[in-house]
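The structure appears below as structure tokens.
Protein chains: 2
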Amino acid sequence: MQLMEKMIVEKGSVLPGDIVKVGSFLNQQIDPELLRASAEEIVNAFSDCLITKVLTIESSGIALAAAVALRLGVPMVFAKKHKSANVDGETYVTVVHSYTHGTDYTVIVSKDYIKSDDTVLLVDDFLANGAALRGLLDFIRQAGAKTAGAAVAIEKGFQHGGDKLREEGLRIESLAIIESMDGGAIRFRP
Amino acid sequence: MQLMEKMIVEKGSVLPGDIVKVGSFLNQQIDPELLRASAEEIVNAFSDCLITKVLTIESSGIALAAAVALRLGVPMVFAKKHKSANVDGETYVTVVHSYTHGTDYTVIVSKDYIKSDDTVLLVDDFLANGAALRGLLDFIRQAGAKTAGAAVAIEKGFQHGGDKLREEGLRIESLAIIESMDGGAIRFRP
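Line by line, the protein sequences give chains A and B. The working numbering puts the first residue of the first sequence at 865, with every later residue one more than the last. The working numbering puts the first residue of the second sequence at 865, with every later residue one more than the last.
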């Protein structure tokens, strides 16, 4: 998606540790035109699927997931980060490893909100190692539901989490795939 | 707003401790038609204001704030809960008291995203004691910005946080105001 690549180049910045800062337009302040166009592109990419639900993890994927759900006219669900694995039997639980922080965190979602007859579109702002998407896929598996695939705003292609998930059969639509950002120069995958 | 009241009565439930559970349509799973209609109602209510930004606190207000920002065509910003008050000089910091959990938490937002020439609409899913809105108002004050007012999905009128803020001059539009829920029977403020 040209607009996403343009915003990354013009308004993003590269920080040490392969971090691309996009807080001014994507994940702390959200540009409304980019949000609208991103949702449109994602809905078009999955127009062959009968999606019944959009699923993300709090917090920075919620705005995009909500915009996609509004366009599709289906409910949006967000999984919550949880302090401990001690939750009641009414929730699905999974553990996600954060490569950024070097820690594991527990994520939960109510069993009421993902059912076996759902076809779920996963949405997130970033895809790097794929840990968050794998957590969401674990919810789908636990619920016995189907997934239409995953839609991501920015994929860090050089961390190959998306490539591995694609090899395993997951359909992924990324609005921009960063192939490299050596020396602060961002290069996109064509 | 009749639709919000209808959803609360039909799909919400009252739990001990004056908690109204609305996770199935408002703040964990989000109903797309309710979200669209809520954003529409809020935009109409503030149509006399030149809003330049929508501000909320993560996580459960983000979907509504994003929907409002999409309709207005202005950026949406969400303040983040933070583990400590040790943040760099690039962020505004405030402390919000959670009456639900009996603790204080720190909330931050980048100084880049609220400027003195902004007219900010505050958006949140719940208004009870008003602590979260007061935190957001503190950001507005620190930035020297203006506020158009606050838009809230559900106000717990019997906790009077909204009434106090109105007395202090804040314009608040609540889509539903629960006047009482004694014995589990929800009564709305007309």
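Glycine included, C-beta positions come from ideal geometry on N, C-alpha and C. As the structure is a prediction and not an experimental result, all values here were calculated from the model.
Answer yes or no: does any C-beta atom of chain A fall closer than 8 Å to that of residue i?
i: Gln893 (chain B); result: yes
i: Arg900 (chain B); result: yes
i: Glu1019 (chain B); result: no
i: Ser877 (chain B); result: no
i: Glu874 (chain B); result: no
Nearest by alpha-carbon distance to residue i: which of the options is it?
i: Glu1043 (chain B); options: B:Gly1025, B:Leu928 and B:Gly1021; result: B:Gly1021
i: Glu922 (chain A); options: B:Thr955, B:Asn891, B:Leu985 and B:Gly1008; result: B:Asn891
i: Phe1003 (chain B); options: B:Val941, B:Asp989 and B:Ala1049; result: B:Val941
i: Ala901 (chain B); options: B:Val960, B:Cys913, B:Val932 and B:Leu879; result: B:Val932
i: Ser980 (chain A); options: A:Arg1005, A:Gln893, A:Lys870 and A:Ile1036; result: A:Arg1005
i: Ile926 (chain A); options: A:Arg1035, A:Val1016, A:Thr964 and A:Met868; result: A:Val1016
i: Arg1035 (chain A); options: A:Arg998, A:Gly937, A:Lys870 and A:Ala1049; result: A:Arg998
i: Lys975 (chain A); options: A:Ala1009, A:Arg1053 and A:Ala1040; result: A:Ala1009
i: Tyr963 (chain A); options: A:Pro1054, A:His946, A:Lys870 and A:Gly881; result: A:Gly881
i: Ser924 (chain A); options: A:Phe1052, A:Ala1007, A:Asp989 and A:Glu1031; result: A:Asp989
i: Cys913 (chain A); options: A:Met1045, A:Ala1014 and A:Glu1031; result: A:Ala1014
i: Glu905 (chain B); options: B:Thr955, B:Gly887 and B:Met865; result: B:Met865
Residue i and residue j: beta carbons closer than 8 Å?
i: Val918 (chain A); j: Val973 (chain A); result: no
i: Ala995 (chain B); j: Gln1023 (chain B); result: no
i: Gly1026 (chain B); j: Ser1038 (chain B); result: yes
i: Leu1000 (chain A); j: Ala943 (chain A); result: yes
i: Ala1012 (chain A); j: Ile883 (chain A); result: no
i: Val959 (chain A); j: Asp968 (chain A); result: yes
i: Leu934 (chain A); j: Leu899 (chain B); result: yes
i: Ile978 (chain B); j: Val984 (chain B); result: yes
i: Met875 (chain A); j: Phe889 (chain A); result: Met is not the amino acid found at residue 875 (chain A); the sequence shown has Lys there. The answer is yes: Cβ separation under 8 Å.
i: Glu1019 (chain B); j: Ile1041 (chain B); result: yes
i: Pro1054 (chain A); j: Ile894 (chain B); result: no
i: Val907 (chain B); j: Leu936 (chain B); result: yes
Would you mind sorting residue i into buried or exposed? The rule is 16 or more other CB atoms within 10 Å of its CB.
i: Ser911 (chain A); result: exposed
i: Pro896 (chain A); result: buried
i: Thr920 (chain A); result: buried
i: Val873 (chain A); result: exposed
i: Ser877 (chain B); result: exposed
Against residue i, what residues of chain A qualify as contacts under a CB-to-CB distance less than 9 Å, listed in chain order?
i: Leu1000 (chain B); result: What Leu1000 (chain B) touches in chain A: nothing, since even the nearest Cβ is about 14 Å away.
i: Asp981 (chain B); result: Those within 9 Å of Asp981 (chain B) in chain A number zero; the least Cβ separation is about 15 Å.
Residues of chain B with a CB under 7 Å from the CB of residue i: which are they?
i: Glu1031 (chain A); result: Here the premise fails: no neighbours, minimum Cβ distance about 32 Å.
i: Ala931 (chain A); result: Ala930 and Leu934
i: Ser974 (chain A); result: Gly887 and Gln892
Within 8 Å (strictly less), CB to CB, does residue i reach chain B?
i: Tyr963 (chain A); result: no
i: Ile1004 (chain A); result: no
i: Glu954 (chain A); result: no
i: Ser911 (chain A); result: no
For a contact defined as C-beta to C-beta under 8 Å, what are the partners of residue i on chain B?
i: Glu904 (chain A); result: Going along chain B, no residue has its Cβ under 8 Å from Glu904 (chain A), so there is no contact; the nearest lies around 11 Å.
i: Pro896 (chain A); result: Ala933, Leu934, Leu936, Gly937, Val938, Pro939 and Met940
i: Ser1063 (chain A); result: This structure cannot speak to residue 1063 (chain A), because chain A is shown only from 865 to 1054.
List the residues of chain A whose Cβ lies closer than 7 Å to the Cβ of residue i, in chain order.
i: Ala927 (chain B); result: Ile926, Ala930 and Met940
Who are the neighbours of residue i on chain B, taking C-beta pairs under 9 Å?
i: Tyr977 (chain A); result: Gly887, Ser888, Gln892 and Gln893
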